[in-house]
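Undergrad: Chains as they are written, first to last, in our numbering: chain C, 231 to 506; chain V, 231 to 506. Note that CB positions come from ideal geometry on N, CA and C, so glycine has one too.
1) Helix, strand or coil for residue 273(C)? Go by DSSP, reduced to three states.
2) Pick out whichever of 465(V), 390(V) and 239(V) has its Cα sitting closest to the Cα of residue 485(V).
3) Any idea which residues DSSP pairs residue 421(V) with across the strands?
4) At the 8 Å Cβ level, is residue 484(C) part of the contact set with chain V, yes or no?
5) Between the region 430-439 of chain C and the region 447-455 of chain C, are three or more C-beta pairs nearer than 8 Å?
6) Using the beta-carbon of each residue, which ones in chain C are nearer than 8 Å to residue 245(V)?
7) So, helix, strand or coil for residue 384(V), using DSSP?
8) Rounded to a whole number of angstroms, what is the C-alpha to C-alpha distance between residue 389(C) and residue 398(C)?
9) Could you tell me which residues DSSP pairs with residue 428(C) in its beta bridges?
10) Any chance the region 404-415 of chain C sits against the region 359-377 of chain C, with 3 or more Cβ pairs inside 8 Å?
11) Got a sec: which bits of the region 286-304 of chain V sit with their beta carbon under 8 Å from any beta carbon on chain C, in order along the chain?
12) Using three-state DSSP, classify residue 466(C) as helix, strand or coil.
13) Measuring only between beta-carbons, confirm whether residue 469(V) sits less than 8 Å from chain C.
14) Count the other CB atoms within 10 Å of the CB of residue 241(V); is the residue buried (16 or more) or exposed (fewer)?
15) What are the boundary residues of the beta strand (DSSP E) that residue 477(V) is part of?
16) Using DSSP's beta-bridge definition, name the partner residues of residue 253(V).
17) Does the beta-carbon distance from residue 468(V) to residue 308(V) come in below 8 Å?
18) Can you tell which of 356(V), 400(V), 291(V) and 482(V) has the C-alpha that lies nearest to the C-alpha of residue 255(V)?
19) At what residues does the alpha helix (DSSP H) containing residue 305(C) begin and finish?
20) Chain V partners of residue 265(C), CB-CB under 7 Å?
21) Taking the alpha helix (DSSP H) that residue 376(C) belongs to, which residues open and close that run?
22) Do residue 470(V) and residue 429(V) have their C-beta atoms closer together than 8 Å?
23) Taking C-alpha atoms, which residue in 472(C), 443(C), 385(C) and 435(C) lies nearest to residue 457(C)?
24) Write down the C-beta distance between residue 382(C) and residue 348(C) rounded to the nearest angstrom, noting that I regard them as a contact closer than 8 Å.
25) Report the three-state DSSP secondary structure of residue 344(V) (helix, strand or coil).
26) Is it true that the region 286-305 of chain V meets the region 337-346 of chain C, where meeting means three or more beta-carbon pairs spaced less than 8 Å apart?
27) From residue 350(V) to residue 252(V), what distance separates their C-alpha atoms?
28) Which first and last residues belong to the alpha helix (DSSP H) in which residue 399(C) is found?
29) Looking at C-alpha atoms only, which residue of 322(V), 403(V) and 333(V) is the closest neighbour of residue 287(V)?
30) Quick check on residue 250(V): buried or exposed, where buried means 16 or more other Cβ atoms within 10 Å of its Cβ?
31) Give the secondary structure of residue 243(C) by DSSP, where H, G and I count as helix, E and B as strand, and everything else as coil.
32) Count the other CB atoms, across all protein chains shown, that sit within 10 Å of the CB of residue 355(C); report buried if there are 16 or more and exposed otherwise.
33) For residue 317(V), does the count of other Cβ atoms within 10 angstroms reach 16, so buried, or fall short, so exposed?
34) Among the candidates 353(C), 420(C) and 304(C), whose CA atom is the shortest distance from the CA of residue 393(C)?
35) Note down, in chain order, each residue of its chain lying with its Cβ closer than 8 Å to the Cβ of residue 302(C), except the 5 sequence neighbours on either side.
36) Do residue 237(C) and residue 384(C) have their C-beta atoms within less than 8 Å of each other?
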C-alpha cells in the first residue's frame with residue numbers, strides 16, 4: 231500500500247496571464263515570446279507534435295514562472311526524501327508540463343514514469359467544448375517520460391458524454407484517489423510507495439476532502455475563485471498512519487513564499503515632471 | 231561613447247520576506263532553508279568568505295525567485311541583442327548576486343566583468359549603520375567575476391562620513407550615471423558600449439530622472455514605497471540617440487508578467503466541515 235499521496239496543482243497558465251497569447255505570439259507564423267515570463271528558446275512547447283496552434287486554445291502551456299515553481303516543489307520533495315515512485319497526471323498539457331518540471335528538478339525525468347489519467351481532468355463544465363489533448367504516445371514522442379502501457383480507468387470521451395454535475399465530478403476524482411491509495415505500486419521504500427498526483431485547483435481541494443473524517447466533496451458554489459484558494463503549484467500531502475487511516479499532513483513540505491509584484495515600473499511616477 | 235545604459239534593481243530580498251531569516255535558518259549552527267523560495271543546496275551563499283552570519287544582517291541575500299527573475303532579465307537582454315560589455319554594481323551582496331545571475335542566464339559569467347562601485351549604494355539614511363560589505367577581492371575569491379583592477383570613484387567609508395541628504399544621494403548616483411554615459415568602454419559593437427548597472431529601487435528612478443529633459447532628482451517624500459514603484463529586477467533602458475542625447479526607451483525589453491500569488495493553501499477553506 232502507498233504511504234504518501236502528494237497532490238499538486240499545475241503551474242501558472244499562460245492563457246490566464248495573456249488571454250490572447252496564441253494570436254499575439256504566433257502572428258509571424260512561428261511562435262515568438264512577447265513577455266519574459268514565456269519560454270523563449272523553443273519553437274513551441276511540443277515541437278514533435280506539430281500541433282496546429284489552435285489546439286492550444288483549450289489546452290494552454292504554462293509560463294516560465296510555472297516551470298520554476300514546479301521545480302521548486304520538485305526540489306522540496308527531494309530534500310524532504312519524498313521522491314515519488316510514480317506520477318499520475320491530468321491529460322491537460324499544463325499538468326504534464328508541471329509533472330515533467332518537478333521530475334527535472336530531481337534529475338529523475340528519465341527514471342520516474344508519468345501516467346496520464348483522464349479521470350484527473352477538471353470539471354468538464356468549465357470548458358466550452360472538449361479540448362484536443364495530446365495522446366500518451368504523442369507526449370512520449372515529445373520526450374515526456376510517459377508510461378504508455380498504463381490503462382487509465384476512463385477516457386476523456388466517456389467523461390464528456392456523461393454531462394457531469396459537480397457532484398459527479400467530485401466522485402470521479404475522489405474515487406480515483408481512493409483507488410490510488412489502495413493500489414500496489416512498486417517502491418524501493420520499505421514503508422510503501424509514494425504517489426505524486428498532478429491536477430487542477432479542485433483536485434487538491436478534493437484530495438484534502440476525500441481523506442477528511444468525515445469526507446467531504448465539492449459544491450458548485452465552491453468552485454468560484456478556487457484558483458485563488460488553491461494557487462498554482464500548491465501541494466497537499468496526505469499520509470497513511472500506522473493504523474491505516476489517511477491524514478492530510480499540513481506541514482510536510484516547506485511553503486513557497488514570495489512578494490506579490492510585477493516587474494513593471496510605475497510609469498506615471500517615473501515620468502513625473504519636476505517644476506524648476 | 232556607450233550607446234545604451236541598462237539600469238536594473240536587484241532581485242527579491244530574503245529579509246523582506248523573512249525579517250528573522252538569519253536566526254531561523256542558522257539556529258542549528260549551519261544554514262538550513264525553511265522555505266522553498268530559499269536556496270537549498272548551498273552551505274551559505276558566500277562559502278569561501280566564511281563570514282559571520284551577523285554580517286548578513288545589513289547585507290541580505292536574494293531569494294530563489296530573485297535569482298530566477300534576474301535570469302529572466304539576462305535572457306531578455308540576450309534575445310534583445312543587448313549583452314553588456316561591462317557591469318557596474320552596488321557593493322550590496324543582493325546586487326552582486328543579481329548581476330551574476332543575469333550573466334549566468336547569458337552564459338557570460340566567466341567573460342563579462344563586474345565592477346563594484348560604492349557610489350551605487352542606496353541612500354545611507356535607510357540603514358541604521360554602515361553594512362559590512364564583502365570586498366571586491368572577497369567576491370572574486372567566492373567565484374564572482376569581479377574586475378579587481380577597477381578603481382571606484384568613491385569608498386563606502388567616505389560616503390558614510392558625509393551624512394548625506396536625499397539631494398546629496400541623488401547627485402551621487404546621477405553624477406556616476408552621467409560619467410558612465412561618457413566613459414569610453416571597450417566593445418565589440420560598432421555603435422558603442424553597452425553598460426549594465428545593478429543597483430536599488432532608487433537607482434532605477436534616478437537613472438530615468440537623470441536623462442529626462444529637464445532632468446529631475448529624488449525628493450525625500452518620494453522614497454516612501456519606492457520598492458513598490460520600482461519592483462525587484464525592474465529594468466530601465468536608456469539609449470543614446472544619433473544626435474548624442476540620451477532617452478529612456480520604455481519598450482526596449484519585454485516585461486515580466488505573472489500572477490500575484492503565494493503557494494499557500496487557504497487553510498480555512500480547505501479544512502471546512504461538511505454537515506452530513
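TA: Considering the structure as presented:
1) With a pLDDT of 48 at residue 273(C), under the threshold of 50, the modelled position of that residue is not reliable, and no figure is offered here.
2) 465(V)
3) Looking at the DSSP assignment, residue 421(V) forms no beta bridge with any residue, so it has no partner.
4) When Cβ-Cβ separations below 8 Å define contact, residue 484(C) makes contact with chain V.
5) yes
6) Residues of chain C passing the Cβ test: none, with the nearest at roughly 12 Å.
7) coil
8) Approximately 10 Å between the Cα atoms of the pair.
9) DSSP lists 238(C) and 319(C) as partners of residue 428(C).
10) no
11) 293, 294, 295, 298, 299, 302 and 303
12) strand
13) No, its Cβ sits nowhere closer than 8 Å to a Cβ of chain C.
14) buried
15) 476-478
16) Residue 253(V) pairs with nothing; no bridge assigned.
17) no
18) 291(V)
19) First-last of the alpha helix (DSSP H) with residue 305(C): 294-309.
20) Within 7 Å Cβ-Cβ: 484, 485, 486 and 487.
21) First-last for residue 376(C): undefined, no H or E at that position.
22) no
23) 435(C)
24) 5 Å
25) strand
26) no
27) 25 Å
28) 396-410
29) 322(V)
30) A residue is called buried when at least 16 other Cβ atoms come within 10 angstroms of its Cβ; residue 250(V) does not meet this threshold and is exposed.
31) Strand.
32) exposed
33) Counting Cβ neighbours within 10 Å, residue 317(V) comes out buried, since at least 16 surround it.
34) Residue nearest to residue 393(C) within the set 353(C), 420(C) and 304(C) is 353(C) (criterion: CA-CA distance).
35) Contacts found: 335, 463 and 486.
36) no
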